[in-house]
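*Asks:* Read in our numbering, the sequence shown has 194 at position 193, and its numbers run on one by one without any break. Beta carbons: idealized from backbone N, C-alpha and C, even for Gly.
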Amino acid sequence: MLRLKEKDLSVLVDWWQSLDGDRRSRARLRRATSLDDILLQEAFFRFLSYRMEVNGKQIGLGAEWSQADNLHAAALICGLLARVKGRSTDTIKSEQLNNNKDGLEKKEKQATFAAQLAMPGKGERPLMNELRFQRLQKSHDLEEFFLQMCRAIDLLSGIVHLESLIEDTLHWHQEHYYGADKNPRRRLAVRWATDYFSTLNHFKLA
């Protein structure tokens, strides 16, 4: 099972930024239509061996990323990140309980990947409609999930909440192979539905 560490997240973000100087690899990864396409590319092996400098030391992804059982998860992350053009700064306001007598206060928080999909596009409709969102939620296998996620990123014009994309992709892979948590609140589908529909309702009521 591939678990995301804080160090891994830093390396992944740095690798994504490095693609600005390696447009050839980025273009090839973006043309991939399957995970096998990614697995067979030189750019993927450079992704696995990528190093960044922190406090004078070279750090990279953990060895578990190159293990056979985790290669498809790594290819998912590599392929999806290559399609990202920029980091989202979208925020949404939500009501949260506070300690004052009025009980509620509005706070701004950064929109997650799933929340972004429900934000208004042209004609005030969500960037991803409910039917497409349900298709994404019900992806049956890795290849279908990869293609649905590619479409989702394209609908966002490539501007996404990077950390959320990485964490949720690995969460999906974990649930697909090892099963979902018994606690519904810890399941990705429930969290995505919560983020999507709460954002959808927020803009309908705004």
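Could you give the first and the last residue of the continuous beta strand (DSSP E) run that contains GLU217?
*Replies:* The structure shown does not extend to residue 217, since the chain spans only 2 to 207, so no value can be given for it.
*Asks:* Any idea what DSSP makes of LYS6, helix, strand or coil?
*Replies:* In the structure shown, LYS6 sits in coil (DSSP, three-state: anything other than H, G, I, E or B).
*Asks:* Is ARG88 helix, strand or coil by DSSP?
*Replies:* The answer is strand: DSSP assigns ARG88 an E or B state.
*Asks:* With DSSP run on the structure shown, which of helix, strand or coil describes GLN111?
*Replies:* GLN111 falls in the strand class under three-state DSSP.
*Asks:* Return helix, strand or coil for GLN59, following the three-state DSSP convention.
*Replies:* Strand at GLN59.
*Asks:* What are the start and end residues of each continuous alpha helix (DSSP H) run of 4 or more residues lying completely inside the stretch 137-198, in chain order?
*Replies:* Whole alpha helix (DSSP H) segments, 4+ residues: 143-156, 163-179.
*Asks:* For ILE93, write down the residues that DSSP places opposite it in a beta bridge.
*Replies:* LYS110, per the DSSP bridge assignment.
*Asks:* Near MET155, what residues of its chain come up, given a Cβ to Cβ distance below 8 Å and the 5 sequence neighbours on each side ignored?
*Replies:* The identity of residue 155 in the sequence shown is Asp, whereas the question assumes Met. Result list for ASP155: ARG84, in chain order.
*Asks:* Measure the CB-CB distance between LEU201 and PRO127 and report whether it falls below 7 Å.
*Replies:* Going by C-beta atoms, LEU201 is nearer than 7 Å to PRO127.
*Asks:* Please determine, among ASP182, ALA119, GLU109, the residue with the shortest C-alpha to C-alpha distance to THR92.
*Replies:* Among ASP182, ALA119, GLU109, the Cα nearest to that of THR92 is on GLU109.
*Asks:* Ends of the alpha helix (DSSP H) at SER35?
*Replies:* That residue, SER35, is in no alpha helix (DSSP H); it is neither H nor E in DSSP.
*Asks:* Verify whether the separation of the beta carbon atoms of ASN56 and GLU65 is less than 7 Å.
*Replies:* No; because the gap between Cβ atoms is not below 7 Å, this pair is not in contact.
*Asks:* Let me know if MET2 comes out buried or exposed under the rule of 16 or more other beta-carbons within 10 Å of its beta-carbon.
*Replies:* The residue in question, MET2, is exposed, as its Cβ has fewer than 16 Cβ neighbours within 10 Å.
*Asks:* Rounded to whole angstroms, what's the CA-CA distance from LEU98 to SER35? Just pull it up for me.
*Replies:* Note that LEU98 scores 43 on pLDDT, short of 50, meaning its location in the model is unreliable and no value can be drawn from it.
*Asks:* Thinking C-alpha only, which one of ARG29, ALA115, THR170 is nearest ALA75?
*Replies:* Measuring from the Cα of ALA75, the nearest candidate turns out to be THR170.
*Asks:* Between the C-alpha atoms of VAL14 and LEU132, what's the straight-line distance to the nearest angstrom?
*Replies:* About 31 Å.
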